[in-house]
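First the structure, in the form of structure tokens, and then the observations on it.
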Amino acid sequence: MIPARLLSSSMTLEHTGIAPGHPEFEGKLLEGYDASGAWPESLTDHSGHGTAMAGVLGANINNGVGIAGIADRVKMRVIRMTHHVNGAGYAQATRSWEAALTLDDTDVIVFANVMPFEHNLSLFFKRILKKAVRKGILVLVSTTNSDNVDGPEENVLPCSLANSISGVLCIAGTRAKEELVLSTGAAKLASFGVPSTRVVHPSPTRNGSEWEYFRNWGSSAATAAVGGLVALMKSFKNFKPREIERILLNSTKERCRTNSGEEMLYGVLRPELAIRQAIAVAR
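Using my numbering, count along the sequence shown one by one with no gaps and you end on 284.
Set out below in structure tokens:
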């Protein structure tokens, strides 16, 4: 049996903002925060990354518009970390994370971004990630979309810290038609892989009066998809971060590998198995 009471989940997304007034997010959004430092303050997404990730995770279902997100009963709070496509700096990242951890209603933080390894930034992320988990928040982060195997991209933050902090998971993208094959090679420190090619998502742009949708790929989409899956799992029970981590890691199969055949230490996630385990534990 499935528990009769379905709980809603609250996600905090640290990205580039969101498309204001988009029908995919009607009734879904909690009050957001602009940590970008831009003036005037705004949550408007100029690059499309934040809108895409929110759409994959929780776009409205059965509204006759666009796509269906993975999770329906989810509330999303957007923190705009940067207002452009060139990434965030140290100050923006710290403001964004500190703002996220002042909120008392966040179950999951989705941080589908990477930052180059730097000692002070590493210390900051180690402290802030541990603080998030202590507050009962699961943290989902991404690998880089780079093929520079064994290069500096293998140590991007905060992904490179995930395996040392329980309750933090780093997700790599794999191919939809070859789900064990990584989309890009620099992903040795991921927790598991998730198929994420040919992903359709909303955008902040219009063609006349119609909102435009695009097809994309990458570890960001994989991370957002896991956010949606976690929201579904938490609809059965308010799992703690370590419980979710255990279920997800126990729901992987075989070994992911690069396009050249190098095997990773982790497998590809089987979402249906994770849902079955969540239901069994929640009984």
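Don't be surprised by glycine CBs; every beta carbon is placed ideally from N, CA and C.
Unbroken stretches of the beta strand (DSSP E), 3 residues or longer, contained in the region 198-227: 200-208, 211-217
Distance between His-84 and Ala-281 (C-alpha atoms, nearest Å): In the sequence shown, residue 281 corresponds to position 280, counting from 1. In the sequence shown, residue 84 corresponds to position 83, counting from 1. Rounded to whole angstroms, Ala-281 to His-84 spans 42 Å at the Cα level.
Alpha carbon to alpha carbon, what distance is there between Thr-145 and Phe-193? If you number the sequence shown from 1, residue 193 lands on position 192. If you number the sequence shown from 1, residue 145 lands on position 144. If I take the Cα positions, the gap works out to 14 Å.
Alpha carbon of Arg-256 to alpha carbon of Arg-247, nearest angstrom: For the purposes of this step, residue 256 is taken as residue 255 along the sequence shown, with counting starting at 1. For the purposes of this step, residue 247 is taken as residue 246 along the sequence shown, with counting starting at 1. Looking at the two C-alpha atoms, the distance is approximately 17 Å.
By the DSSP assignment, the beta strand (DSSP E) with Glu-15 in it spans what residues? Taking the first residue of the sequence shown as 1, we reach residue 15 at position 14. Segment 10-16, the beta strand (DSSP E) holding Glu-15.
Inter-residue Cα distance where the pair is Gly-229 and Val-57: Taking the sequence shown and counting its residues from 1, one reaches residue 229 at position 228. Taking the sequence shown and counting its residues from 1, one reaches residue 57 at position 56. Rounded to the nearest angstrom, the two C-alpha atoms are 8 Å apart.
How is the alpha helix (DSSP H) around Val-134 delimited, first residue to last? As a working note, residue 134 is residue 133 in the sequence shown. Element bounds for Val-134: 120-135.
Pick out whichever of Val-109, Thr-52, Val-142 has its Cα sitting closest to the Cα of Arg-135. Working through the sequence shown from its first residue, we reach residue 135 at position 134. The residue with the shortest Cα to Cα distance from Arg-135 is Val-109.
Identity of the residues DSSP links to Pro-306 by a beta bridge: Lying outside 2 to 284, the shown extent of the chain, residue 306 is not represented and no answer is given.
Which value, in whole angstroms, describes the spacing of the CA atoms of Glu-213 and Ala-60? By 1-based counting over the sequence shown, the position of residue 213 is 212. By 1-based counting over the sequence shown, the position of residue 60 is 59. Going from the Cα of Glu-213 to the Cα of Ala-60 covers about 14 Å.
Same chain only: Cβ atoms within 7 Å of Pro-242, ignoring 5 sequence neighbours per side: For the purposes of this step, residue 242 is taken as the residue at position 241 of the sequence shown. The answer, listed in chain order, is Val-134, Gly-137, Ile-138, Leu-139, Gly-168.
Ala-69 - DSSP class collapsed to helix/strand/coil: Position 68 of the sequence shown, counted from the first residue, corresponds to residue 69. In the structure shown, Ala-69 sits in coil (DSSP, three-state: anything other than H, G, I, E or B).
Beta-carbon separation (whole angstroms), Ser-221 vs Ser-143, contact threshold 8 Å: Residue mapping note: residue 221 aligns to position 220 of the sequence shown, counting from 1. Residue mapping note: residue 143 aligns to position 142 of the sequence shown, counting from 1. Confirmed, Cβ separation roughly 5 Å.
Assigned exposure category for Ile-172 - 16 Cβ within 10 Å defines buried: Here the question's residue 172 lines up with position 171 in the sequence shown. Flag for Ile-172 reads buried.
In this structure, how does DSSP classify Ala-188 when only helix, strand and coil are distinguished? Residue numbering aside, residue 188 sits at position 187 when the sequence shown is read from its first letter. In this structure, Ala-188 counts as coil in the three-state DSSP scheme.
Which residue marks the beginning of the beta strand (DSSP E) containing Gly-194, and which one marks its end? Start at 1 with the first residue of the sequence shown, and residue 194 comes out as number 193. That run of the beta strand (DSSP E) goes 193-196.
Straight-line gap, Ile-166 to Leu-141 (C-alpha atoms, nearest Å): Here residue 166 is taken as the residue at index 165 of the sequence shown, counted from 1. Here residue 141 is taken as the residue at index 140 of the sequence shown, counted from 1. Each residue's alpha carbon lies about 12 Å from the other.
Go ahead and label Ser-210 buried or exposed: buried means 16 or more other beta carbons lie within 10 angstroms of its beta carbon, across all protein chains shown. As a working mapping, residue 210 is identified with position 209 in the sequence shown. Exposed.
In whole angstroms, what is the alpha-carbon distance linking Arg-6 and Ala-225? As a position in the sequence shown, residue 6 is number 5, starting the count at 1. As a position in the sequence shown, residue 225 is number 224, starting the count at 1. In this prediction, Arg-6 has a pLDDT of 38, which is less than 50 and means its spatial position is unreliable; what the coordinates show is noted afterwards. Spanning the two alpha carbons is a distance of roughly 25 Å.
Gly-38 versus Lys-254: straight-line alpha-carbon distance, rounded: If you number the sequence shown from 1, residue 38 lands on position 37. If you number the sequence shown from 1, residue 254 lands on position 253. The alpha-carbon atoms of Gly-38 and Lys-254 are separated by roughly 43 Å.
Identified DSSP bridge partners for Tyr-34: In the sequence shown, the residue the question calls residue 34 occupies position 33. According to DSSP, which records beta bridges pairwise, Tyr-34 is partnered with Ile-80.
Buried versus exposed, by CB contacts within 10 Å (16 or more), Gly-18: Numbered from its first residue, the sequence shown carries residue 18 at position 17. Looking at its Cβ environment, which holds 16 or more other Cβ atoms inside 10 Å, Gly-18 is buried.
I'd like the span of the beta strand (DSSP E) that includes Ala-281, first residue to last. Counting from 1 along the sequence shown, the entry for residue 281 is found at position 280. Premise fails: Ala-281 lies in the alpha helix (DSSP H), 272-283, not in any beta strand (DSSP E).
Alpha carbon to alpha carbon, how far is Asp-35 from Ser-1? Give it in angstroms, no decimals. Missing from the structure shown is residue 1; the chain here goes from 2 to 284 and no further.
Using only CA atoms, which one of Glu-27, Glu-15, Lys-238, Val-227 lies nearest to Val-269? For the purposes of this step, residue 269 is identified with residue 268 of the sequence shown, where counting begins at 1. Nearest option by C-alpha distance: Val-227.
Using only alpha-carbon positions, find the residue among Glu-264, Ala-53, Asp-151 that is nearest to Glu-25. Walking along the sequence shown from the start, residue 25 turns up at place 24. Cα-wise, what sits closest to Glu-25 is Ala-53.
What would DSSP say about Ile-166, mapped onto helix, strand or coil? Counting from 1 along the sequence shown, the entry for residue 166 is found at position 165. The answer is coil: DSSP assigns Ile-166 none of H, G, I, E or B.
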